[in-house]
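Contents: one structure, followed by commentary.
In the numbering used here, the protein residues as written are 4 to 437.
Okay, here's the thing in structure tokens:
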């Protein structure tokens with residue numbers, strides 16, 4: 004509002020600049036001059052100059068506009084300046100005169116900045132000062148709210164810190180803020196999984212110790228017998244033969260334990276790549292041929308050929324080969340055979356004509372697995388009753404673990420339904436990458 008008053012005053016003075024007989028005159032009556040200067044707060048100054056910068060009226064020491072400023076005739080402009088040691092606000096206008104040469108006259112009005120300073124102070128008092136009261140109060144309220152909101156979390160932290168290392172019981176999710184309840188629920192799920200995992204590991208170690216105890220005890224007993232006096236050569240050979248069998252059994256058990264642990268620990272860190280299932284299966288069959296020949300078993304491969312359409316799956320080739328090897332090893336262990344009546348084991352890779360599923364089959368001519376035991380055989384260390392075969396009971400659990408990591412389904416069925424013996428067919432179904 005103060006600038007508008009200045010603009011109005013300078014426009015009013017500009018209208019008083021006239022030309023009479025080619026002479027520029029300015030006539031401001033005394034009452035009008037008194038009204039112009041009448042201000043209770045600020046001092047008002049003015050100046051009127053003629054076309055040749057001759058002084059016409061006002062204060063002679065009035066500061067001039069900047070010399071490099073662009074002239075804009077008839078446009079009122081504003082600037083900050085200094086006059087007689089005081090800061091002033093100046094409004095000025097260049098007036099075009101109707102005389103020869105198109106000369107310009109300068110009209111300026113200035114006032115000190117007291118009213119503006121008072122207004123700024125009032126604004127600060129009215130706006131800023133209340134903030135100094137409201138802001139600390141708001142900070143205090145926010146702090147109290149945070150303390151109250153964080154208190155349940157602090158209590159939860161204390162409860163967790165006070166827990167014993169072996170305490171994996173779920174956290175109480177009722178004494179925490181609603182926003183944190185999903186987090187506590189997720190932690191409880193994690194604790195439950197961790198508890199189950201530790202229980203599985205303990206059970207696994209206990210079973211492993213039990214499985215290793217028998218061959219190790221046999222080794223110890225046979226070694227003690229071999230050291231006794233009076234042993235003839237035949238008895239010594241028999242004892243050494245038993246030692247060899249026990250060591251082979253212990254080695255086989257340890258290898259399968261390591262394979263199962265390796266499969267279980269792979270988890271999300273498995274490196275997947277396109278795998279030719281037919282090629283991997285044929286390589287595993289070739290690796291098992293010497294053992295099959297020792298047992299007089301007819302071991303062969305039937306099905307899709309390597310590097311043909313539909314035999315590629317996304318997986319880890321090392322783990323897949325371990326799975327096929329364990330299927331063949333399990334079949335070789337439980338398939339009766341003799342030179343007169345050889346057993347038969349066949350591995351197959353069958354491609355889905357629609358390109359969605361790839362099946363791996365390993366079937367044998369053995370005694371088969373009863374319907375009631377087909378789920379139990381996938382538990383570690385489980386061995387079917389009525390079998391006299393040395394084994395650790397880890398082959399099929401390894402197969403299931405690897406199949407699970409490849410999102411494959413595994414089923415067990417009779418190889419020859421209605422026949423005696425019915426044989427066993429294990430089927431692993433992969434989703435193909437095609």
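Even for Gly, the Cβ is constructed at its ideal location relative to N, Cα and C.
Can you have a look at residue 35 and say buried or exposed, based on whether 16 or more other CB atoms are within 10 angstroms of its CB? exposed
Could you check the C-alpha separation between residue 61 and residue 43 for me, to the nearest Å? 20 Å
Can you give, in chain order, each stretch of the alpha helix (DSSP H) that sits fully within the segment 314-381 and has at least 4 residues? 320-337
Given residue 84, which residues of its chain have a CB within under 6 Å of its CB, disregarding the five upstream and five downstream residues? 66, 91 and 93
Span separating the alpha-carbon of residue 137 from that of residue 117: C-alpha separation (whole angstroms): 30 Å.
Measuring only the C-alpha atoms, how far is residue 432 from residue 175? 42 Å
Would a C-beta distance cut-off of 8 Å place residue 98 and residue 20 closer than the cut-off? yes
Spatial neighbours of residue 349 within its chain, please: C-beta separation below 6 Å, excluding the five flanking residues on both sides. Around residue 349: 303, 305 and 366.
C-alpha distance - residue 301 paired with residue 339, whole-angstrom precision: 11 Å
To test your reading of the DSSP string, which unbroken beta strand (DSSP E) runs of 3 or more residues are found completely within the segment 80-119? Fully contained in the segment 80-119 are the following beta strand (DSSP E) runs of length 3 or more, in chain order: 80-86, 89-99 and 107-115.
Have a look at residue 152 and residue 254 and give me their C-alpha separation to the nearest angstrom. 59 Å
Reduced DSSP secondary structure (H/G/I, E/B, other) of residue 199: helix
Report the rounded CA-to-CA distance for residue 103 versus residue 110, giving the unit in angstroms. 20 Å
Are the segment 368-382 and the segment 315-329 touching, with three or more C-beta to C-beta distances below 8 Å? no
Touching or not, the segment 344-358 and the segment 283-302, by the rule of three or more beta carbon pairs under 8 Å? yes
Taking the C-alpha atoms as reference points, what is the distance between residue 358 and residue 399? Residue 358 and residue 399 have their C-alpha atoms roughly 27 Å apart.
Quick check on the DSSP output: the alpha helix (DSSP H) that includes residue 284 runs from which residue to which? 280-297
C-alpha distance - residue 229 paired with residue 222, whole-angstrom precision: CA-to-CA, the gap between residue 229 and residue 222 works out to about 10 Å.
Between 245, 241, 237 and 198, which lies nearest to residue 219 when the distance is taken from Cα to Cα? 245
With 16 as the cutoff for other CB atoms within 10 Å, does residue 407 come out buried or exposed? exposed
What is the DSSP secondary structure of residue 189, counted as helix, strand or coil? helix
With DSSP collapsed to three states, give me the class of residue 11. helix
Quick check: what's the CA-CA separation for residue 129 versus residue 120? Looking at the backbone, the Cα of residue 129 and that of residue 120 are separated by about 14 Å.
So, are the CB atoms of residue 13 and residue 108 less than 8 Å apart? Note that the C-beta distance between residue 13 and residue 108 is not below 8 Å.
Closest residue to residue 86 among 115, 78, 71 and 77 (Cα-Cα distance): 115
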